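Protein chains in written order, with the working numbering: chain A, 25 to 473; chain B, 4 to 280.
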C-alpha cells in the first residue's frame, strides 16, 4: 500500500513538474509552435496525473457537456473541471482568439469546429497531441473526422460528426406526388413539381450559406482549399466546385428555393407549416427537428444524400473536436480529460443519450444505436441511414486556415448570386479573390487557382 | 479640477491614445503583430470598402436627417401651437419609440417588413401586387431610414419643443398686437428661436448617421446577402476587429471615421451658428 502511495506521489510530483515546465515554455502564447516533441506523456503518466488531480477549464457549447463533466468528476474525484458555456461556435472562436492574444484566461480544453481547427493550428496555437500517444486512438474514429483533426500532427480528438443526409417532409412530397430524390437531377425535377403544385411551397431554402455550400462542394468531389507547409491554394473553379455550381444554378435562376435564411424564426415556422419540404444537413439534424419543428412529428423522414450519378458520395456538415491550446496551463491533465471525454464509453454514451451523433466507429456501429426507431420520423430507423452516410464521406477535404473569416464574407460575394439571380461561378470567383487578398495580407503564401 | 482631469484622462484620452497606438501595427495570423508605421492609414485612404460605407452613410445623412428633423420640427410646432387637442398624449406618444431599446425596435420593424408573415405581406396581399418590398437592394437603405426616423423623431421633437418653451410670452403678445398671423409668428419668432437647438439636433444626427450599426446589423440576420460586412464604416471596423483578426486596421478605420465625423460636424456647427455671431 505504502509503495503504491509513494509511487503515486512521485508520479504526481513528476507530472506537476512537467506541467510547470510546459507552462514555462508556453509563456508567450502565440509563438510556441504548437508544442514541441519535448512535451508529452504516455498513457500511464496521463492516468497518474488524473489520479493526482488538479483543476481544469473546459470551454464548450455541447449541450451534453454538463452530464459528461459530472461523470468525469465522479470517476476522477481529484480533478475539478470548470465548465464554461461558449454558447455557439462563432462566439467561441472570437473568445478563444482574444484569450490567446491576451495570453490570459486560456482554457485547458476547448471545443473547436473542424473547419476552424486550421485557424488556430497554423499559427501554432494548439498542442500536437501526438506527444501524448494519441496516434493510437486513430482507429476509434471515422476516417473523415480523424482526417479533420490530423493534418501534420494531431490537433484534437473528434467529438461528433455530421455526415450529410436528406431530411424531408413526407406529407409535402406526397402532396405534390413526388418521391424523395436519389439524384440531384431528380431533386431539381421534384423542386419544380413541388413549386407547380403549390407556388407558396418549395423543396428547400437557401439565401447563400457558406457552411452548406462548402459541404455541397465537398460532396461533389471538389477540393477548392489546400494547405501544405503554410502555402495555401484556393481553386474555387475546380471540377467538383463547377459540378456543384452547374447543378445548383437552375435552382436559383428559376426561383425554386424559398428565399429564407436558415436558422431564422421564419425558417422554423416554414419547416413547421410545410412551406419548406426538405433540408440537406448534418446527421445532428434530427434533434433540431424534434426541438424546433414539433408540428412535423411523424411526417419527416430521412434518406441518403442525392448523388450526381448514382454512386453514393457524401460530405460532412458541421461537427467539432476538442483541442488543447498551446497556452493551456495544465496540459497533462487536460490530455487526460480530453482522452476520457472523447474516447471513453462512459462519456460517449452520455453524449449519445440525448441525441449526440458520435464520431467513434464502435458507437456508430452499435446495434442499439442502429436499431433505434425514431418516433418523430414515423418509426424509421434513422441511424441506419445516417451512419451509412458516414461511410461515404469523400476523403481529402480541407478548409481554409481562415475559414470563419471566409464564411463571414460569403454573403458579400457568393450570396450576391442568390440575391440577383446571377452566376454562382462569378460569385465563387469573387469569393476566391477576396480570400486570396486576405490570406496574403495575413502572411500566408496564397496561390489563387 | 483634478478629479475631472483624472476621469478625462482615463475615459477620453487613454482610449484615444491606445487606438492611435494600435493603429500603427499590423496583425497577421502568420507572423503575429509587427510595427507598420502609417501603412494602415495609407491602406485606409485607398480602401474601396471603407469609402463604400462612408458614401452610404453620407447619402443616409443627406436624405434621412432633413426628413427626420423636418417632421420633428412640425411636431414640435404643432404641440407648441396650443391648438392641438391632447397635446401631452401626442408628446408622449411621439417620444415613446425613443424609449424602446434600439435592438427591439429593429427586430419589430424587421418582422413588419417581412413579406410572408409581416405587415408588408398583408399590404401586398391587399393591393394584389408587391407594392412594398423593403428587402431589396433598392429599398433596404430607405427601410433603415424609416426605422431610424421612427426611433428618433420624438427625441428631436423634445429638444425643439424645449427650445420653443423658452420663448417669453411677451414676444407673442407683441407680435399679436402688431397683427402677425400664426405663420408669421412661426417664421419670424419660433424658427429663429429653435435655431440653436436645431444645430445641436443636426450634429447629434450626423454622429448617429456616421455610427450607423444596430439597424443594418440586425437586418443582416434576416437578409444576409443584402447587407455587406462593410455596409457602414462601423460595421466594417467591427468585422475587421472581431472576425478578421485585424484589430490594428480596425483602430485605423475608427480614427479615420472619427476625423471625418469631426470635420463634418464642425462645418455644420460653423455654418449653423455663423449669423448669430
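C-beta atoms are modelled at their ideal positions from N, C-alpha and C, and glycine is treated no differently. Keep in mind that this is a model prediction, so the values were computed, not measured.
Residue-chain proximity (residue i, chain B), Cβ-Cβ < 7 Å
i                      : result
residue 118 of chain A : yes
residue 61 of chain A  : Note that residue 61 of chain A has pLDDT 38, beneath the 50 cutoff, so the model's placement of it is unreliable and the number below is only indicative. Cβ-Cβ to chain B under 7 Å: no for residue 61 of chain A.
residue 147 of chain A : yes
residue 56 of chain A  : Note that residue 56 of chain A scores 38 on pLDDT, short of 50, meaning its location in the model is unreliable and no value can be drawn from it.
residue 51 of chain A  : Per-residue confidence for residue 51 of chain A stands at a pLDDT of 33, beneath the threshold of 50, marking its modelled position as unreliable; the derived number appears in the next sentence. Output row for residue 51 of chain A: interface = no.
Local conformation of residue i per DSSP, three classes
i                      : result
residue 170 of chain A : helix
residue 5 of chain B   : helix
residue 229 of chain A : strand
residue 199 of chain B : helix
residue 182 of chain A : strand
residue 79 of chain A  : strand
residue 28 of chain B  : strand
residue 324 of chain A : strand
residue 264 of chain B : helix
Closer than 7 Å to chain A by CB, residue i
i                      : result
residue 60 of chain B  : no
residue 232 of chain B : yes
residue 246 of chain B : yes
residue 17 of chain B  : no
Within chain A, the residues that residue i reaches when beta carbons sit closer than 9 Å
i                      : result
residue 169 of chain B : Residues of chain A passing the Cβ test: none, with the nearest at roughly 47 Å.
residue 117 of chain B : 290
Per DSSP, cross-strand counterpart(s) of residue i
i                      : result
residue 221 of chain B : Paired residues: none, contrary to the question.
residue 255 of chain A : A:252 and A:469
residue 303 of chain A : A:191
residue 207 of chain A : A:331
residue 91 of chain A  : Note: residue 91 of chain A sits in no beta bridge, so no partner.
residue 84 of chain A  : A:109
Listed by chain order, chain A residues near residue i by CB distance under 7 Å
i                      : result
residue 228 of chain B : 231, 232, 435, 439, 440, 442 and 443
Interface residues of chain B facing residue i [CB-CB closer than 8 Å]
i                      : result
residue 468 of chain A : 32 and 33
residue 138 of chain A : Ordered by position in chain B, no residue passes the 8 Å Cβ test against residue 138 of chain A, which lies about 18 Å from the chain.
residue 21 of chain A  : Here chain A has residues from 25 to 473 only, and residue 21 of chain A is not among them.
residue 425 of chain A : 32
residue 350 of chain A : The contacting residues do not exist; residue 350 of chain A stays about 13 Å from chain B at best.
residue 254 of chain A : 33
Partner residues on chain A for residue i, Cβ-Cβ distance less than 8 Å
i                      : result
residue 120 of chain B : 290 and 293
residue 224 of chain B : 285 and 288
residue 242 of chain B : 432
Neighbouring residues, chain B, relative to residue i (Cβ below 7 Å)
i                      : result
residue 175 of chain A : Per Cβ cutoff of 7 Å: no residues; residue 175 of chain A is ~16 Å from chain B at best.
residue 121 of chain A : 248
Which runs of the alpha helix (DSSP H) fall wholly inside the stretch 30-86 of chain B and span at least 4 residues, in chain order?
You should have 42-48 and 51-83.
For the stretch 97-169 of chain A, which segments carrying the beta strand (DSSP E) assignment without a break, of at least 3 residues, lie completely within its bounds, in sequence order?
Complete beta strand (DSSP E) runs here, min 3: 103-109 and 133-137.
Which runs of the alpha helix (DSSP H) at least 4 residues long sit entirely within the stretch 329-400 of chain A? Give them in chain order.
Counting whole runs of 4 or more residues, the stretch 329-400 of chain A contains the alpha helix (DSSP H) stretches 355-367, 369-377, 385-388 and 391-395.
Can you give, in chain order, each stretch of the beta strand (DSSP E) that sits fully within the stretch 400-429 of chain A and has at least 3 residues?
Taking only runs of at least 3 residues, no beta strand (DSSP E) segment lies wholly in the stretch 400-429 of chain A.
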